[in-house]
Amino acid sequence: MVIEVLKSKLHCVRVTEANLHYMGSITIDEDLMDAANLIAGEKVEIVNNDNGARFETYIIKGERGSGCICLNGAAARLVQVGDVCIIISYAHMDFEEAKTFKPSVVFVDSETNKII
85 MVIEVLKSKL HCVRVTEANL HYMGSITIDE DLMDAANLIA GEKVEIVNND NGARFETYII
145 KGERGSGCIC LNGAAARLVQ VGDVCIIISY AHMDFEEAKT FKPSVVFVDS ETNKII
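Positions 85 to 200 (our numbering) are the ones given, in order, by the sequence shown.
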């Protein structure tokens, strides 16, 4: 049996930009991507703590060390700059493997998006 489990989470990042007129995606600081074991093109779920929106998109690498969290395209309509969000990715794995798998969970200072 294969199940879907939490792979990575960036907890309580602050949206720094929203760019409606860009092809859809989320731009994430490459330092945050590395810390959370995320890669460019990976599908992620975004949970907006401020308005309750939940949606999916894919990752684009942002400038390393910038703290950038930018929602692009249609997703920009679901956030405001300053909103606090959780970014989640999931993985499919064998049930037995999932029992011992440890997800990458990264907590940040939600004012600066720097890793705590």
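Note that the Cβ used here is the ideal one computed from N, Cα and C, for glycine as well.
Supposed close pair residue i, residue j - CB separation, criterion 8 Å
{"i": "V189", "j": "C96", "result": "The Cβ separation is near 11 Å, so there is no contact."}
{"i": "F179", "j": "M85", "result": "5 Å"}
9 Å Cβ cutoff met for residue i and residue j
{"i": "T196", "j": "I153", "result": "no"}
{"i": "S109", "j": "I87", "result": "no"}
{"i": "D134", "j": "D113", "result": "no"}
{"i": "Y106", "j": "A160", "result": "yes"}
Endpoints, the beta strand (DSSP E) within which residue i is located
{"i": "T141", "result": "R138 to G146"}
{"i": "L94", "result": "V86 to R98"}
{"i": "F179", "result": "No beta strand (DSSP E) holds F179; the alpha helix (DSSP H) holding it covers F179 to T184."}
{"i": "D134", "result": "Here D134 belongs to no beta strand (DSSP E), and DSSP marks it neither H nor E."}
{"i": "E101", "result": "E101 to N103"}
Per-residue burial, residue i [other beta carbons within 10 Å of its own, 16 or more giving buried]
{"i": "I68", "result": "The requested residue 68 is not part of the displayed model; the chain covers only 85 to 200."}
{"i": "I130", "result": "buried"}
{"i": "V99", "result": "buried"}
{"i": "G151", "result": "buried"}
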